[in-house]
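Same order as they appear, the protein sequences are chains A and B. Start counting the first sequence at -15; every next residue gets the next number (this note's numbering). Start counting the second sequence at -15; every next residue gets the next number (this note's numbering). A short write-up of the structure that comes next.
Protein chains: 2
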Amino acid sequence: MSPKSGIAGTERPLTPKGLATRQRIVEGAAAEVRERGAVATTLDDVRARTGTSKGQLFHYFPDGKDELLLAVARHESERVLTDQQPQLGHLTSWPAWLDWRDRVVARYLAQGTECPLNSLMSQLGRGTPGARAVTSELITRWQWEIATGIRYMQSIGEVDAALDADRSAAALLAGIQGGVAVMLATGRIEHLEAALDVGIEGLRRR
Amino acid sequence: MSPKSGIAGTERPLTPKGLATRQRIVEGAAAEVRERGAVATTLDDVRARTGTSKGQLFHYFPDGKDELLLAVARHESERVLTDQQPQLGHLTSWPAWLDWRDRVVARYLAQGTECPLNSLMSQLGRGTPGARAVTSELITRWQWEIATGIRYMQSIGEVDAALDADRSAAALLAGIQGGVAVMLATGRIEHLEAALDVGIEGLRRR
DNA sequence: CGAAAAATGGACCCGCAAGTCCAAAGCGCT
DNA sequence: AGCGCTTTGGACTTGCGGGTCCATTTTTCG
C-alpha cells in the first residue's frame, strides 16, 4: 500500500499521535458506513462517534468527505479478504473448498443488508480513478487467490488440467459477487449458495 | 379519515394529458439517472430536462423524490428484461443460448459504467419495501425465464434431466449480476463473459 | 356556457451537512 | 525557557436541493 494517497498527491507530515487519530477516524467512519450506508453517513456522525472535531477531520482529510470515504473503502477492501482467511489461502482439498464456501456464506449472512463497498462506490462514483483502483485491486487479488486454489487442485489431479484456472476463477468470483448482490437486494441467500455450489461442482467434474 | 397520505395510494385521478406528463417525467428522470446516477440527480435537473415545473413534480409524485425514483426503478426494471428479448424467451437450442449470451454482453457493454438500478437502490435503501419489491420481482422473473430455458433443453435431452433447473438458473443469474458488477467497478468485461460461458458450458456437460 | 377539478408555473422557505477559519492547546527541540 | 510545528476545538458561513404554497391557466363535464 502506498501511504501517499489522494488526487492531489500532497505529501503529509506524519506524527505518531496524529496517525492514531487518523486511524480512529477511519475506523469510526467505517463502522458508521457499515451501519447506515455511505450516503447517509455525515461528517458530523463521524465526528460524534470518534470524539473528534471538524477541524481534525479536515486536517487529516483535506479533500473532505470524498477523501475520507476513499480511505474507508481501502480499509473495508482489506477486510473482505482477511475475513475469508485462513480458508481462502488453503484451498487444497475439497473439504477445504467447502469450508471456504461456508465461510463466505456465513460472512455475508452476518453482514446483513448493507454492503459497505457497494455503498461507498455509488457515493464516490465508479469513474473516479481512486475508487476504481481500490475495487480493481480487490478483484484482482481475490481472483488470484481462487485461481491459485484451482491450480493447486489441478496439480494434485483433482481438477482437469485443461481447465483455464483464471477463467474459472473469474466466473466463480462473478457468481459470488452476484449472489451477494441478489442477497442485498432481496434478502435471499439461495443465489449465493447456488453460485458457490454450482461453481465448485463445475470444477469437480472431470 | 381516508387522507391521501397512504403510501399505497394507488388511486389517483389522471387525465390523458396528465398521464403523458407523468410519463415524460419518469422517462426524463430515468435518462438523468442513467447519465449521472441517482444520488447526483436533483429534482431541478429533472425539471429542466423535462420542461416541467416543481409543482408538477410534486403533483404527480406527492411523496417527492423517493416516489419518483421508485417509479424510475420500475421503469428501468422493465427495460432490463425487454432488452434481452426476444432471445431470452427462446432459449431452445445451443445457438440460441449463445445469441442470448451475446445480447447480454452487448447490452451491458453499451450501457457503460452506470447501472441505474444499482444506483437507484443505494439511494432508496434496500430495506424499503417498495424497492425490495421491484428488485425481487425482477430477479424472480429473470430467473424464471432462464429456468424455463433450461427445462426446455432438458425436455429435448440436451441437458441432464437430473439437474435442478432452478438452482442452475439461480447460479447463472448470480454470475451475470456479479459479472456486471465487476464490469461497473473495474471496466473489464471478462468476468461477465466468463460467468456466462462457464455457466452455459456447465449446462452442456452431461 | 359555467363551475369544479386538474394541470401548470414559479417564487419562496428551510434545514442540513459540507466546508472555512482562527484561536488555543500540546509537544518536541536546542 | 521559548520558538515552531502539529493537533485540537468549535463557532460560523454557505450553498444546495427537497419540499411548500398559491396564483393562474387549461381541461372536463353537466
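Note that the Cβ used here is the ideal one computed from N, Cα and C, for glycine as well.
Q. Among residues of its own chain, excluding the 5 on either side of residue 191 of chain A, which ones have a beta-carbon nearer than 7 Å to its beta-carbon?
A. Only positions -15 to 190 of chain A appear in the structure, and residue 191 of chain A is not among them; the question remains open.
**Q.** DSSP three-state assignment for residue 77 of chain B, whether helix, strand or coil
**A.** Here residue 77 of chain B sits in coil by DSSP.
(Q) Could you compute how far the alpha carbon of residue 92 of chain A sits from the alpha carbon of residue 165 of chain A? (A) About 10 Å.
Q. With 16 as the cutoff for other CB atoms within 10 Å, does residue 128 of chain A come out buried or exposed?
A. Classification for residue 128 of chain A: exposed.
Q) If we ignore side chains and look at the alpha-carbon of each, how far apart do residue 52 of chain A and residue 10 of chain A end up? A) Approximately 7 Å between the Cα atoms of the pair.
(Q) I'd like to know if residue 161 of chain B contacts chain A, where contact means its C-beta is closer than 7 Å to some C-beta of that chain. (A) Yes, residue 161 of chain B counts as interfacial toward chain A.
Q | Span of the alpha helix (DSSP H), counted from its first residue to its last, around residue 192 of chain B | A | Residue 192 of chain B lies beyond the range of chain B shown here (-15 to 190); nothing can be said about it.
Q) Is the beta carbon of residue 154 of chain A sitting closer than 7 Å to the one on residue 175 of chain B? A) Their beta carbons are under 7 Å apart, which means residue 154 of chain A touches residue 175 of chain B by this criterion.
Q) Where residue 150 of chain A and residue 141 of chain B are concerned, what is the direct C-alpha to C-alpha distance, given to the nearest angstrom? A) In a straight line, the C-alpha of residue 150 of chain A is about 31 Å away from that of residue 141 of chain B.
Q: Just the chain B side, please: which residues come within less than 9 Å of residue 175 of chain A by C-beta, in chain order?
A: For residue 175 of chain A, the C-beta contacts it makes with chain B under 9 Å involve 123, 127, 154, 155, 157, 158 and 161, in order along the chain.
Q.
So the candidates are A/172, A/86, A/60 and A/189; which of them puts its Cα closest to the Cα of residue 72 of chain A?
A. Relative to residue 72 of chain A, the option among A/172, A/86, A/60 and A/189 whose CA is nearest is A/86.
Q | Complete runs of the beta strand (DSSP E) confined to the segment 102 to 126 of chain B [at least 3 residues] | A | Counting only unbroken stretches of 3 or more residues, no beta strand (DSSP E) element lies wholly within the segment 102 to 126 of chain B.
(Q) Going by DSSP, what residue range makes up the alpha helix (DSSP H) through residue 179 of chain A? (A) Annotation for residue 179 of chain A: the continuous alpha helix (DSSP H) segment containing it runs 174 to 188.
Q. Given that residue 168 of chain B touches chain A, what residues does it touch there, using C-beta distances under 7 Å?
A. Residues of chain A passing the Cβ test: 110.
Q) CA-CA distance, residue -15 of chain A and residue 76 of chain B? A) Note on residue -15 of chain A: pLDDT 32, under 50, position unreliable in the model; the coordinate value appears next. Cα to Cα, the separation comes out at about 50 Å.
Q: Answer with yes or no whether the minimum CB distance from residue 89 of chain A to chain B is below 7 Å.
A: Against chain B, the CB of residue 89 of chain A has no partner CB under 7 Å away; the residue lies outside that interface.
Q) How long is the line joining the alpha carbons of residue 80 of chain A and residue 167 of chain A, rounded to whole angstroms? A) Our two residues, residue 80 of chain A and residue 167 of chain A, have alpha carbons roughly 24 Å apart in a direct line.
Q.
Buried or exposed, going by whether 16 or more other CB atoms sit within 10 Å of the CB of residue 100 of chain B?
A. A buried status is given to residue 100 of chain B, since no fewer than 16 other beta-carbon atoms sit within 10 Å of its beta-carbon.
Q. Under a Cβ-count criterion, where at least 16 other Cβ atoms within 10 Å of its own Cβ denotes burial, should residue 69 of chain A be classed as buried or exposed?
A. It counts as exposed.
Q | Contact under 7 Å by Cβ, residue 56 of chain A with residue 13 of chain A | A | Yes, the pair counts as a contact, with Cβ atoms nearer than the cut-off.
Q.
With a threshold of 7 Å between beta-carbons, can residue 151 of chain A be considered close to chain B, or not?
A. For residue 151 of chain A, the nearest CB of chain B lies under 7 Å from its own CB, placing it at the interface with that chain.
Q: State yes or no: is the beta carbon of residue 106 of chain A nearer than 7 Å to at least one beta carbon in chain B?
A: Interface flag for residue 106 of chain A against chain B is set, since a Cβ pair is found closer than 7 Å.
Q. Where does residue 185 of chain B land, buried or exposed, given buried means 16+ other C-beta within 10 angstroms?
A. It is exposed - the Cβ of residue 185 of chain B has fewer than 16 other Cβ atoms within 10 Å.
**Q.** residue 13 of chain A beta carbon near the ligand PLP (any heavy atom closer than 6 Å)
**A.** Inclusion of the ligand PLP in the displayed structure is not the case, the ligand content being empty and no account of it being possible.
Q: Could you name the residues of chain A that residue 103 of chain B contacts, counting a contact when the two beta carbons are closer than 7 Å?
A: 106, listed in chain order.
**Q.** Interface residues of the segment 33 to 58 of chain A facing chain B [CB-CB below 9 Å]
**A.** Hits within the stretch: zero.
Q. Since residue 103 of chain A and residue 159 of chain A are thought to touch, with beta carbons under 8 Å apart, how far apart are those beta carbons, to the nearest angstrom?
A. Residue 159 of chain A and residue 103 of chain A do not touch by the CB rule: their CB atoms are close to 21 Å apart, not below 8 Å.
Q. Are the CB atoms of residue 54 of chain A and residue 41 of chain A nearer to each other than 7 Å?
A. Against a cut-off of 7 Å, the Cβ pair of residue 41 of chain A and residue 54 of chain A comes out as no contact.
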